[in-house]
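The structure under discussion appears below in the form of structure tokens.
There are 2 protein chains.
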Amino acid sequence: MIYRFASRMEKTPRSFIREILKVTEDPKIISFAGGLPNPALFPVKKLNEAARAVLTDDGISALQYSTTEGYQPLREFIAQRYLKRSGLAISPENILITNGSQQCLDLIGKLFINRNDPVAIERPGYLGAIQAFSLYEPFFKDVPLLEDGPDTEVLRQVLDTHSPKLFYGVPNFQNPSGLSYSGKKREEVAALLSESGIPFIEDDAYGELRFRGNDLPLVSSYLPDLGIITGSFSKIIAPGMRMGWIAAPPGVFEQVVTAKQASDLHSNYLAQRIISKFLADNDIDSHILHIREVYRYQRDIMVKIIEETFPPEVTFTRPDGGMFLWVTLPPGFSTMDLFNIAIKENVAFVPGDPFYTDGSGSNTMRLNYSNSDEERIVEGITRLSKAIHSILK
Amino acid sequence: MIYRFASRMEKTPRSFIREILKVTEDPKIISFAGGLPNPALFPVKKLNEAARAVLTDDGISALQYSTTEGYQPLREFIAQRYLKRSGLAISPENILITNGSQQCLDLIGKLFINRNDPVAIERPGYLGAIQAFSLYEPFFKDVPLLEDGPDTEVLRQVLDTHSPKLFYGVPNFQNPSGLSYSGKKREEVAALLSESGIPFIEDDAYGELRFRGNDLPLVSSYLPDLGIITGSFSKIIAPGMRMGWIAAPPGVFEQVVTAKQASDLHSNYLAQRIISKFLADNDIDSHILHIREVYRYQRDIMVKIIEETFPPEVTFTRPDGGMFLWVTLPPGFSTMDLFNIAIKENVAFVPGDPFYTDGSGSNTMRLNYSNSDEERIVEGITRLSKAIHSILK
């Protein structure tokens with residue numbers, strides 16, 4: 002049978018990471034591949050209590066259809082938290098609850114991208130965004146991500162030459178690189194976008210996970226009309242509930258509502274109610290503090306073992322938060338070859354290729370430290386190091 | 002601020018129904034407007050038990066990221082139910098869990114519709130599908146829905162002349178009309194689509210809600226390679242959990258997985274686990290039987306009061322299941338004018354216009370009977386009748 006699919010389907014690859022995850026389900030494998038939070042930190046008991054309270058006290062309402070925008074107290078909590086964390090005033094009326102923050106990217110694609118529109122993105126860039134946007138058939142203009150944020154010279158050139166529909170970035174503890182924009186870069190990026198009138202899609206899925214240094218302002222705080230922020234409860238509560246949000250200026254927000262309505266009416270209302278109840282009854286700050294401490298510890302172990310065992314010509318990032326670090330091997334090295342050797346030793350990671358839209362990056366890889374305990378990090382990195390040495394020898 | 006939105010956003014109207022729902026939240030208003038199930042029938046206590054069991058026994062796993070396709074036992078339940086209800090063999094491997102069945106329509110749009118592609122749809126057609134597909138900028142070719150199903154002469158002509166990418170229909174208790182395809186029409190529609198090699202998107206959200214007559218085969222049962230079925234737990238368990246599914250032939254299914262992955266990774270996993278546990282521990286057949294009895298009763302009351310009070314020149318459908326009936330007033334009558342009069346009498350319904358892609362249907366309206374009890378149906382229809390008489394006089 003020959004099916005006449007839309008042209009976008011040819012341009013949208015399956016996520017290599019999710020394909021890898023299937024391989025790494027085997028518990029024998031030490032996996033640094035996924036982007037999974039540490040499940041030992043899920044507040045299972047408290048979510049259980051919250052679920053029981055919602056279903057016991059207001060079950061009928063929590064199970065009925067609801068508004069497209071989302072549960073009002075949850076929108077208010079999110080707005081309050083921006084105010085508290087960074088003094089950023091966002092009205093709850095400009096926040097919509099999504100099916101995880103991945104759905105925000107699909108909504109952004111719907112809102113802005115016509116076929117063959119230019120879209121600016123970091124290099125390396127978040128695979129999920131490349132995938133989500135690809136459904137709307139843009140062409141990507143990459144902006145190299147340096148240690149302190151995007152290369153602003155290239156960004157300026159891309160904005161001037163191509164006038165992209167948007168610039169997508171992850172200023173805090175980027176997936177995949179673990180890098181963050183410096184305070185200065187945030188202002189510079191905002192100034193460039195403001196001059197050109199081009200929206201910034203600020204993916205802040207990891208912003209709450211800073212374990213070193215002080216919080217920096219969101220780029221969107223300098224861009225009242227152009228900053229669109231996406232957030233997620235996946236990393237601070239639990240990803241299985243698929244609960245995220247998008248905050249957008251009023252002129253954009255209306256269109257977000259239309260796109261969300263057409264896409265799936267509204268997000269799971271029971272889950273919104275459970276999360277809202279959980280947040281009302283518990284101290285989320287101390288919960289997040291605990292996550293940060295655990296991730297810092299795991300990150301420090303991984304950095305230490307890499308420093309001790311990897312060959313000196315291998316470089317890597319030392320993130321101040323989030324869940325990933327990024328390894329660059331010498332030019333010509335293939336992390337895909339490394340993957341095939343490592344998997345035989347029961348260690349997995351994500352080769353860097355899929356984070357590049359230009360076919361480069363084959364000597365890079367992403368390592369996740371949030372989902373492995375000390376013992377597995379030590380053992381897994383040691384095995385990975387041996388595999389690297391065996392190739393470089 | 003001028004934003005450069007994608008062209009699709011101009012073509013996608015906000016749902017008029019959801020706008021109406023905001024007006025009708027006032028409990029003084031007797032609303033036949035929404036498509037809400039009767040919340041008194043939600044199995045709140047049993048879902049509460051299921052939630053507690055899942056979170057107590059396997060909370061950590063239920064809160065982690067999961068597979069794009071969905072929870073395997075839930076996929077198996079759905080496959081088993083097709084087999085049991087209608088002898089239709091669908092592999093669980095060809096079923097994907099979605100964020101309500103509305104998301105199926107978004108995925109179908111992604112898979113098949115390029116800008117300016119022809120898409121065939123019933124007239125009147127389901128508003129949610131018109132809205133979801135509109136994001137992908139097709140042009141609609143309407144096929145009139147007669148008492149026994151689509152006008153097959155027109156369907157043949159549309160298929161021959163335009164070779165649409167798909168034909169979308171609701172063979173059981175259609176939203177908005179309440180009409181169903183006869184057994185003969187199902188075979189005829191299948192034969193026409195089979196000849197032309199054009200997929201049928203069979204929206205079966207209401208199939209379980211038959212309260213008169215016998216189940217008829219799904220059109221897809223005659224279309225092994227071309228039938229794509231969408232289903233929902235919204236009408237038989239609870240809509241707030243946003244849980245639906247899509248069943249597609251293998252060659253299509255792969256692309257469904259890619260589109261779902263890019264759209265939101267996977268559906269709420271905790272909700273999948275809760276629904277699966279609820280289904281394992283309870284007799285869903287007796288629960289559905291109860292819903293059917295209640296809806297039949299409510300439908301019968303509404304039909305009776307309409308027969309007694311509406312002017313004789315008004316015609317309406319007498320559905321064998323589902324949640325809606327469809328009223329046609331004399332040519333030239335405006336149900337939008339009627340709406341404005343009725344709302345002052347605290348009665349609401351949905352004017353027919355938005356169910357037409359060609360601007361016609363302004364003398365039609367949709368009435369929902371599932372979400373009003375006997376007293377409100379009697380009182381509401383009586384008031385509505387007075388408003389109609391006041392215009393027709």
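Protein sequence lines correspond, in order, to chains A and B. The opening residue of the first sequence carries number 2 in the numbering used here; numbering runs sequentially from there. The opening residue of the second sequence carries number 2 in the numbering used here; numbering runs sequentially from there. Just so you know, even glycine gets a beta-carbon here, dropped at the ideal spot from N, CA and C.
| With contact counted as at least three CB pairs below 8 Å, one residue from each stretch, are the region 30-46 of chain A and the region 201-208 of chain B in contact? | The region 30-46 of chain A is not in contact with the region 201-208 of chain B.
Specify the secondary structure class of A/R124 as computed by DSSP and reduced to three states.
Secondary structure at A/R124: strand, using DSSP grouped into helix, strand and coil.
Shorter than 8 Å from the beta carbon of B/P395 to some beta carbon of chain A? Residue 395 of chain B is absent from the model: chain B starts at 2 and stops at 394.
- Query: Which residues in the same chain as B/D354 place their Cβ atom closer than 6 Å to its Cβ, once the five residues preceding and following it in sequence are excluded?
  - Reply: So the list reads G362, S363, once near-sequence residues are dropped.
Does any C-beta atom of chain A lie closer than 8 Å to the C-beta of B/V304?
-> False, the Cβ-Cβ gap to chain A never drops below 8 Å.
TODO: For the beta strand (DSSP E) holding B/E314, just list the boundary residues, first then last.
DONE: Run containing B/E314: none; DSSP gives neither H nor E here.
Can you pull out the residues from the region 40-67 of chain B whose beta carbon lies closer than 7 Å to at least one beta carbon of chain A? Here the close residues are P40, F43, V45, L48, N49, A52, R53, L56, T57, G60, I61, A63, L64, Q65, Y66, S67.
Practice task
Give me the Cα-Cα distance between B/I237 and B/L393, rounded to the nearest whole angstrom.
Solution key: One C-alpha to the other measures close to 39 Å.
Taking the alpha helix (DSSP H) that A/F254 falls in, what are its first and last residues?
For A/F254, the enclosing alpha helix (DSSP H) starts and ends at 251-265.
Assign B/E255 to one of two classes, buried (16 or more other C-beta atoms within 10 Å of its C-beta) or exposed (fewer than that). Counting Cβ neighbours within 10 Å, B/E255 comes out exposed, since fewer than 16 surround it.
Take every Cβ of the region 375-385 of chain A, pair it with every Cβ of the region 169-189 of chain A, and state whether three or more of those distances are shorter than 8 Å.
Contact between the region 375-385 of chain A and the region 169-189 of chain A is absent, because fewer than three Cβ pairs lie under 8 Å.
Handout entry: Under 8 Å between C-beta atoms of B/F311 and B/L368
Key = For B/F311 and B/L368, no; Cβs fall outside 8 Å.
### Query
Does B/N115 come within less than 8 Å of chain A when only Cβ atoms are used?
Residue-level contact check: B/N115 touches chain A, since one or more beta carbons of chain A fall below 8 Å from its beta carbon.
Legend entry - Supposed close pair A/F356, A/L106 - CB separation, criterion 8 Å: Contact annotation, A/F356 with A/L106: C-beta distance approximately 15 Å; criterion of less than 8 Å not satisfied.
Quick check: A/V190 and A/V220, are their CB atoms within less than 8 Å of each other? Inclusion of A/V190 and A/V220 in the CB contact set at 8 Å is warranted, their separation being smaller than that value.
Taking the continuous alpha helix (DSSP H) assigned at B/R367, which residues delimit it? If you look at B/R367, you'll find it isn't in any alpha helix (DSSP H); it sits in the beta strand (DSSP E) that goes 365-369.
Cα separation between B/E309 and B/G252?
Their backbone Cα atoms lie some 52 Å apart in a straight line.
* What distance in whole Å lies between the Cβ atoms of B/F212 and B/R297, which are believed to be in contact at a cut-off of 8 Å? -> With 8 Å as the limit, B/R297 and B/F212 qualify as a contact, their Cβ atoms being about 4 Å apart.
- prompt: At least one CB of chain A closer than 8 Å to the CB of B/R9: is that the case?
  reply: Yes, B/R9 lies at the interface with chain A (some Cβ there is under 8 Å from its Cβ).
| message | Taking the straight line between their C-alpha atoms, what separation do you get for A/G228 and B/S197? | response | Computed Cα separation, rounded: 48 Å.
task: Indicate whether A/R48 and B/L56 have their beta-carbon atoms separated by less than 8 Å.
output: Here residue 48 of chain A is Leu; the residue named in the question, Arg, does not match the sequence. B/L56 sits close to A/L48, with the two beta carbons spaced by under 8 Å.
Q: Grab the span of the beta strand (DSSP E) containing A/Y169 for me, first residue to last.
A: Under the DSSP assignment, A/Y169 falls in the beta strand (DSSP E) whose first and last residues are 168-170.
Measuring only the C-alpha atoms, how far is A/L156 from B/L42? Linking A/L156 to B/L42 through their CA atoms gives a straight-line distance of about 56 Å.
>> Helix, strand or coil, according to DSSP, for A/K236 in the structure here?
In response: Correct three-state label for A/K236: coil.
message: Quick check: A/I21 and A/V351, are their CB atoms within less than 8 Å of each other?
response: Here A/I21 is near A/V351, since their CB atoms are less than 8 Å apart.
Under 8 Å from the C-beta of A/R1: neighbouring residues of chain B: Nothing about residue 1 of chain A can be reported from this structure: the residues present for chain A run from 2 to 394 only.
Review point. Which value, in whole angstroms, describes the spacing of the CA atoms of A/G360 and B/S183?
Key: C-alpha separation (whole angstroms): 54 Å.
Taking only runs that begin and end inside the region 123-203 of chain A, name each unbroken alpha helix (DSSP H) of 4 or more residues, in chain order. 128-135, 153-163, 184-197, all fully within the region 123-203 of chain A.
Cβ of B/G101 within 8 Å of Cβ of B/R243? Inclusion of B/G101 and B/R243 in the CB contact set at 8 Å is warranted, their separation being smaller than that value.
Worksheet item: Mapping DSSP to helix, strand and coil, what is A/G1?
Response: No information on residue 1 of chain A is available, as it lies outside the stretch 2 to 394 that chain A covers here.
message = Helix, strand or coil, according to DSSP, for A/L227 in the structure here?
response = Correct three-state label for A/L227: coil.
**Asked** Going along chain B in order, which residues have a C-beta closer than 7 Å to the C-beta of A/P240?
**Response** Result: Q65, Y66.
task: Quick one: list the residues of chain A neighbouring B/M2, beta-carbon separation under 8 Å, in chain order.
output: Under the 8 Å cutoff, chain A gives G198, D226, L227, P250, G252.
| said: Can you list, in chain order, the residues of its chain with a C-beta nearer than 8 Å to that of A/I98? Leave out the 5 residues immediately preceding and following it. | reply: Counting only Cβ-Cβ distances below 8 Å, and skipping sequence neighbours, we find E70, G71, Y72, L75, R76, M244, G245, W246, H267, S268, Q273.
Self-check item: Spatial distance of A/M366 from A/S62 (CA atoms)
Solution: A/M366 and A/S62: Cα-Cα distance of roughly 47 Å.
Note to self: According to DSSP, is A/R243 part of a helix, a strand, or is it coil?
What the structure shows: Per DSSP, reduced to three states, the secondary structure at A/R243 is coil, with no helix or strand assignment.
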